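There are 4 protein chains.
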Amino acid sequence: MTPLGIGLIGAGRMGAFHMESWERIEQARLIAVADPDERAARTRIARRPIDWYPDHRLLLECADVDAVCICAPSACHAEIALDAIAAGRHVLVEKPIATAMEDGLRMASAAHLAGVKLMVGHVERFNPAVGKLAELIARGAIGRVFRAHATRVGPLPARVRDTGVAIDLATHDLDIMQFVLGLDITSIYAQGSRCVHPSQEDMIACLLRFGDAGPWGLLDVNWLTPEKRRELTVIGEGGMLSASYLTQDVWLTESSGAPSGWSDLARIRGDAEGAAVRFALRRIEPLQAELEAFARCVLEDTPEPVSAQEGCRALAAALAVRDSAAHERPVTLLDTPLRRVDDLPAPPLMPVAA
Amino acid sequence: MTPLGIGLIGAGRMGAFHMESWERIEQARLIAVADPDERAARTRIARRPIDWYPDHRLLLECADVDAVCICAPSACHAEIALDAIAAGRHVLVEKPIATAMEDGLRMASAAHLAGVKLMVGHVERFNPAVGKLAELIARGAIGRVFRAHATRVGPLPARVRDTGVAIDLATHDLDIMQFVLGLDITSIYAQGSRCVHPSQEDMIACLLRFGDAGPWGLLDVNWLTPEKRRELTVIGEGGMLSASYLTQDVWLTESSGAPSGWSDLARIRGDAEGAAVRFALRRIEPLQAELEAFARCVLEDTPEPVSAQEGCRALAAALAVRDSAAHERPVTLLDTPLRRVDDLPAPPLMPVAA
Amino acid sequence: MTPLGIGLIGAGRMGAFHMESWERIEQARLIAVADPDERAARTRIARRPIDWYPDHRLLLECADVDAVCICAPSACHAEIALDAIAAGRHVLVEKPIATAMEDGLRMASAAHLAGVKLMVGHVERFNPAVGKLAELIARGAIGRVFRAHATRVGPLPARVRDTGVAIDLATHDLDIMQFVLGLDITSIYAQGSRCVHPSQEDMIACLLRFGDAGPWGLLDVNWLTPEKRRELTVIGEGGMLSASYLTQDVWLTESSGAPSGWSDLARIRGDAEGAAVRFALRRIEPLQAELEAFARCVLEDTPEPVSAQEGCRALAAALAVRDSAAHERPVTLLDTPLRRVDDLPAPPLMPVAA
Amino acid sequence: MTPLGIGLIGAGRMGAFHMESWERIEQARLIAVADPDERAARTRIARRPIDWYPDHRLLLECADVDAVCICAPSACHAEIALDAIAAGRHVLVEKPIATAMEDGLRMASAAHLAGVKLMVGHVERFNPAVGKLAELIARGAIGRVFRAHATRVGPLPARVRDTGVAIDLATHDLDIMQFVLGLDITSIYAQGSRCVHPSQEDMIACLLRFGDAGPWGLLDVNWLTPEKRRELTVIGEGGMLSASYLTQDVWLTESSGAPSGWSDLARIRGDAEGAAVRFALRRIEPLQAELEAFARCVLEDTPEPVSAQEGCRALAAALAVRDSAAHERPVTLLDTPLRRVDDLPAPPLMPVAA
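The listed protein sequences derive, respectively, from chains C, Y, L and Z.
Going letter by letter, the first sequence gives residues 0 to 353 in numbering that gives the first Met the number 0.
Going letter by letter, the second sequence gives residues 0 to 353 in numbering that gives the first Met the number 0.
Going letter by letter, the third sequence gives residues 0 to 353 in numbering that gives the first Met the number 0.
Going letter by letter, the fourth sequence gives residues 0 to 353 in numbering that gives the first Met the number 0.
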């Protein structure tokens with residue numbers, strides 16, 4: 000089988016990760032990179048036999064490119080993706096799908112009509128810790144779920160950022176929380192500020208609700224905490240599930256446990272403690288898994304593992320977070336029929352009357 | 000100096016802690032305990048020469064009792080405290096000061112007029128980790144403060160509870176956060192539910208604002224998490240301060256640090272990391288420190304270390320938390336002139352128009 | 000049933016712990032304390048109805064004393080115990096049983112002839128984490144055992160010490176390791192020094208062998224490490240068992256696990272990782288459990304839970320540790336028939352020819 | 000400046016790490032790889048313009064190769080290195096320098112006479128955590144040093160191993176401990192066994208002595224512990240230094256601290272606790288730093304950062320570990336004048352008479 004010809008658009012930090020990951024994937028071959036900064040691009044390419052183009056349109060003229068990965072700044076996602084779709088190329092666009100709902104919907108619609116794949120790079124979907132958490136919740140390991148709590152904090156990253164934490168960080172967890180709970184977010188109350196970043200909000204905390212009177216959510220993202228943490232914790236009737244996105248550890252701590260018989264120690268450790276289990280999990284590099292999944296869905300013509308609709312759903316939630324934080328009011332997300340593109344409504348945000 | 004004669008009202012779990020702590024305090028002597036359950040009371044008393052009374056009114060007739068500690072259920076605090084004040088006794092009432100604002104205000108007023116001490120047992124004020132955190136913030140160790148985050152979660156405690164987590168747990172942190180930041184809470188948005196408790200809310204998460212456009216707050220309390228945690232973390236311009244209420248560790252992690260030169264490790268540890276310091280702190284048992292402070296303010300006739308006004312302020316915030324959670328709307332706390340009792344306004348809760 | 004009358008000999012820090020623990024035990028009553036320092040003793044006694052004696056011989060004249068706890072300095076254990084046995088009293092002597100083998104053997108023999116109980120206070124035997132570890136090893140949870148590793152380090156304690164770390168700390172683990180492995184120590188190589196202590200060795204590390212070509216042992220004790228740790232880890236064919244004596248957590252980490260599929264993370268986390276389990280354990284205060292067990296063996300006339308023979312075995316090992324460290328040579332412990340007192344041989348230490 | 004031409008001998012797991020690291024180094028270029036397994040080699044090379052040779056002798060005929068990295072099995076190090084030296088090439092040989100002392104000494108001597116560089120790849124020397132530890136000890140951060148404790152344990156790695164843990168793991172720490180303490184090892188007592196490995200010892204624990212009555216050492220290495228740990232802890236008069244080789248964290252915990260005023264908590268946390276500091280350290284990938292250092296010493300004709308003599312010293316210690324473990328006796332290392340090759344004595348191992 001001829002390997003899939005891949006074109007990479009954007010050779011910044013994210014693009015560099017793509018470049019290294021594609022090298023390890025047998026069924027595809029990275030053959031071209033587009034980036035206005037030639038020097039940066041050539042440094043990334045190093046001694047690999049990969050062509051450089053100053054513009055994504057030139058790259059799209061290259062006949063061997065079957066599919067493109069868009070790692071350009073988020074604000075350019077829509078334009079580049081629409082060009083690639085128009086040129087009949089399959090597209091893997093880094094998250095967020097776009098920076099405006101109408102752009103995301105337009106992209107979804109265009110890909111649908113052109114019959115090409117449009118996958119959104121929500122890389123945490125390919126984190127085995129997330130998969131394990133979703134599986135455990137689905138099979139009732141902690142019974143009825145009460146709350147999901149996501150933490151994605153750390154120092155300001157070195158890479159370029161044209162968006163704030165709502166779009167850059169929160170989209171990850173807004174997508175993952177909906178995915179592992181199997182429920183859509185229905186309402187959001189967020190607070191946040193630009194604390195030290197020159198132009199973007201850099202700290203946001205949100206309270207969420209999933210489904211109709213379903214579990215609560217707590218989301219805490221920032222670029223201020225001096226120690227990097229990426230965690231998801233879900234509390235339910237039977238105990239607590241915790242996953243570290245970074246180390247891919249997944250824990251189950253049971254609620255019902257032996258009551259303590261030592262009062263002094265109980266002041267520190269609690270009046271009862273259940274058993275805890277860390278699962279044996281095969282760790283994998285999520286980005287490599289994502290790229291493999293993209294290549295597979297193109298080669299086998301199967302549905303995208305993360306669809307444009309799901310990308311739009313995460314974007315809608317991220318925009319609602321910003322809206323709520325900006326206006327200090329709860330925001331409701333309509334349960335839009337996002338599954339079918341043609342029916343997609345106008346922007347799904349709506350202020351709630353208190 | 001004759002030691003202070005102490006009467007203890009309520010011999011449940013909290014009362015038992017008081018009993019043991021008073022034994023270690025030289026300037027006071029526990030001489031009487033009132034509790035309707037004679038058997039329980041006598042078990043707690045064991046072989047100590049302490050009298051038992053079935054009713055707090057009988058205890059108040061005992062001439063040697065100079066001051067009382069109220070460890071009865073929260074709903075009885077007001078009635079007992081008012082009786083004790085009427086009988087001319089100094090009062091240490093466990094937190095919350097009462098379960099209704101008007102009761103708290105009435106107690107404050109009565110003590111003021113009677114010229115007796117009325118102290119509220121916000122025990123975490125006497126936690127040396129809290130004192131260190133407050134000192135570090137005050138002297139600018141992390142510069143401008145952006146957010147405080149309090150976590151008070153763990154399994155359902157074995158002791159009797161006549162109140163939910165808003166009153167039982169959140170009051171601690173609502174008081175401490177205002178204390179360490181030196182600012183009043185101005186608005187609250189809370190969500191929460193009764194998940195497994197037979198009658199009370201057992202999980203609440205709140206977003207707070209301190210002062211006028213001051214720092215944000217995040218408060219997470221429940222009786223569901225299977226592992227006990229009691230922590231306060233404050234993020235500011237220069238770094239992060241963290242305190243564990245349980246182990247009394249206080250950490251400062253600096254924001255500005257060495258940028259990482261190893262990309263693979265940076266994916267786990269972040270792109271930069273500042274230095275971290277755990278301070279050498281003299282650990283003390285907070286309840287014993289609280290009781291000593293109470294004895295001292297009575298014996299030396301100095302202001303109460305935690306005043307009735309501060310107890311009312313914490314109660315007002317806890318009630319606002321419940322109100323917000325019940326009605327799913329943001330609630331504003333008026334900046335009431337709580338410092339002078341006579342001017343205290345009607346209940347300080349008010350729904351905000353979105 | 001009349002409660003057992005207890006006399007406490009030695010009111011130092013250890014004696015104070017005994018005093019508090021006996022208060023919580025229903026089937027016994029602490030009625031007398033002997034200590035030459037009247038002021039210290041009376042402070043410990045506080046308001047409890049307990050008599051004070053300046054000398055243990057006077058206490059032994061007290062007819063209500065059925066049994067004594069010896070918390071005096073280790074060097075006095077033998078003399079006091081022999082006096083108590085001669086007076087027909089049951090004896091709980093703090094570990095080490097004595098500071099010389101001949102003393103320990105004499106005590107064992109005297110108690111045997113007098114028909115009184117002589118129990119040694121190896122308190123960690125009553126630590127539920129130790130019991131769980133022993134049970135898991137016995138039922139093959141990690142298969143064939145390769146090594147036990149005990150760590151008992153921390154800052155110099157505040158209490159009085161008339162012995163070095165070999166006797167004061169290592170005796171705990173020398174006893175426990177033999178207990179959980181079900182094998183006697185056969186040889187010891189130790190190194191250690193007096194580093195900062197005015198008169199005693201304060202750091203020792205030993206390599207041990209259990210049984211005949213059985214598992215290895217590693218023992219690390221000191222009063223120098225600035226952070227307190229008390230841990231026991233056992234590695235076997237199927238995985239690792241770890242217990243914290245302090246928090247009473249017991250962990251099982253399995254050896255066979257999922258091989259890692261992510262090379263960069265594997266550099267930090269290893270090429271494979273098995274599942275890990277923390278057991279739900281009912282925590283208890285080990286000293287209280289020890290005192291209860293002592294009272295029970297007296298009241299029910301059952302064998303001592305920790306016999307004088309076991310106390311002698313731990314002492315023999317501790318003395319071998321000192322001998323090896325002093326002479327920088329391996330030392331062999333003869334497999335003495337310690338089980339029957341009358342056959343006990345002369346000191347069981349013997350230098351090995353290299 | 001023409002970049003240094005590098006030839007890599009051995010394309011196993013270690014060779015693959017070299018290959019990736021050389022790609023990131025500007026002043027050198029990897030141009031040829033020798034490995035008998037063509038398929039494996041070509042997979043590692045992927046699309047890079049690098050030549051493959053089935054035999055290191057063919058690679059050495061390649062005129063553009065200025066220097067070679069030897070990543071072949073340890074038993075082949077000597078033969079390959081001597082061939083490379085004879086061909087006038089600079090040599091970086093992975094640790095251990097060889098598997099027999101006479102080989103190591105022969106290599107050192109040959110390189111000396113040929114005037115080429117011979118560096119040994121003790122990669123932990125380039126770990127910034129090690130450098131920081133050495134610097135802190137040198138400048139007296141913990142005063143007089145009492146003991147160093149190295150732990151290098153974890154599950155059996157996936158890579159091929161032709162040697163046991165003494166040579167494969169312990170050489171790292173035997174070198175690093177001597178380096179950070181600035182003292183040679185003078186005596187060793189080791190115990191260990193082959194537990195599950197088909198042919199090699201897989202668990203060793205050693206007690207060491209540094210210098211003449213200098214600090215003690217404790218070294219614990221195995222392929223059995225299910226969780227990977229790589230740590231070095233040094234205790235001294237003023238406190239404890241700890242480094243994690245994996246995360247490159249370095250901690251200083253001070254000995255003198257605030258005495259605890261809370262007895263119940265002190266049972267868990269100790270009677271006193273000093274301040275602790277984690278230093279802000281610029282993390283780097285040690286292998287890349289090693290390769291850069293090698294390239295620099297060749298290009299600038301400066302002494303090798305890790306000399307053949309130091310490689311021999313580490314090997315001598317590792318062989319002594321095996322000797323001691325095999326014969327269960329203490330072994331003394333003569334303080335050989337290892338600094339000048341020509342004077343190097345016969346194997347420096349000697350059994351001690353007990």
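The beta-carbon is built from N, C-alpha and C at its ideal position, and this holds for glycine as well.
Only a predicted model underlies this, so the values are computations on that prediction, with no experimental measurement involved.
Residue i: first and last residue of the uninterrupted alpha helix (DSSP H) it sits in
i: Cys68(C); result: Taken as a continuous stretch (DSSP letters only), Cys68(C) belongs to no alpha helix (DSSP H), being part of the beta strand (DSSP E) at Ala66 to Ile69.
i: Ser262(C); result: Ser262 to Arg268
i: Thr42(Z); result: Glu37 to Ile44
i: Gly14(C); result: Arg12 to Glu22
Per-residue contacts from residue i into chain A (C-beta, under 8 Å)
i: Asp211(L); result: Structure shown: chain A not included; protein chains present are C, Y, L and Z.
Any chain Z beta carbon closer than 8 Å to residue i
i: Ala288(C); result: no
Beta carbon proximity, residue i to chain L, threshold 8 Å
i: Ile234(Z); result: yes
i: Met239(Z); result: yes
i: Pro48(Y); result: yes
i: Ile267(Z); result: yes
i: Trp215(C); result: no
i: Ala307(Y); result: no
Residue interval of the beta strand (DSSP E) (run including residue i)
i: Glu200(Z); result: Where Glu200(Z) is concerned, there is no enclosing beta strand (DSSP E), given that its DSSP letter is neither H nor E.
i: Asp172(Z); result: No beta strand (DSSP E) contains Asp172(Z), which is instead part of the alpha helix (DSSP H) from Thr170 to Leu180.
i: Met239(C); result: Gly238 to Ser243
i: Thr185(C); result: Ile184 to Ser192
i: Leu7(L); result: Leu3 to Ile8
i: Ala274(L); result: No beta strand (DSSP E) contains Ala274(L), which DSSP labels as neither H nor E.
CB contact check: residue i to chain C, cutoff 8 Å
i: Leu280(L); result: yes
i: Asp263(Z); result: yes
Among the options, nearest to residue i - alpha-carbon criterion
i: Ala140(Z); options: Ile184(Z), Ser254(Z) and Ser73(Z); result: Ser254(Z)
i: Ile30(Y); options: Arg46(Y), Lys227(Y) and Arg295(Y); result: Arg46(Y)
i: Asp174(L); options: Pro95(L), Asp211(L) and Ser241(L); result: Pro95(L)
i: His55(Z); options: His148(Z), Met106(Z), His76(Z) and Val119(Z); result: His76(Z)
i: Arg124(L); options: Leu240(L), Ala189(L), Leu286(L) and Ile136(L); result: Leu286(L)
i: Trp215(L); options: Gly4(L), Thr232(L), Ala137(L) and Arg228(L); result: Thr232(L)
Residue i - partner residues in DSSP beta bridges
i: Val152(Y); result: Asn221(Y) and Arg228(Y)
i: Trp51(L); result: Val32(L)
i: Ile234(L); result: Arg146(L) and Met239(L)
i: Phe278(L); result: BP columns for Phe278(L) are empty, so no partner.
CB contact check: residue i to chain Y, cutoff 8 Å
i: Leu182(Z); result: no
i: Arg192(Z); result: Inspection of the sequence shows that residue 192(Z) is occupied by Ser rather than by Arg. Ser192(Z) does not count as touching chain Y.
i: Arg56(Z); result: no
i: Pro156(Z); result: no
i: Val195(C); result: yes
i: Ala294(L); result: no
Runs of beta strand (DSSP E) lying entirely within the segment 75 to 135 of chain C, each at least 3 residues, in chain order = 89 to 93 and 117 to 120
Note down, one range per segment and in chain order, each beta strand (DSSP E) of at least 3 residues found wholly within the segment 282 to 334 of chain Z.
-> Given a length threshold of 3 residues, each whole run of the beta strand (DSSP E) inside the segment 282 to 334 of chain Z is given here in chain order: 330 to 332.
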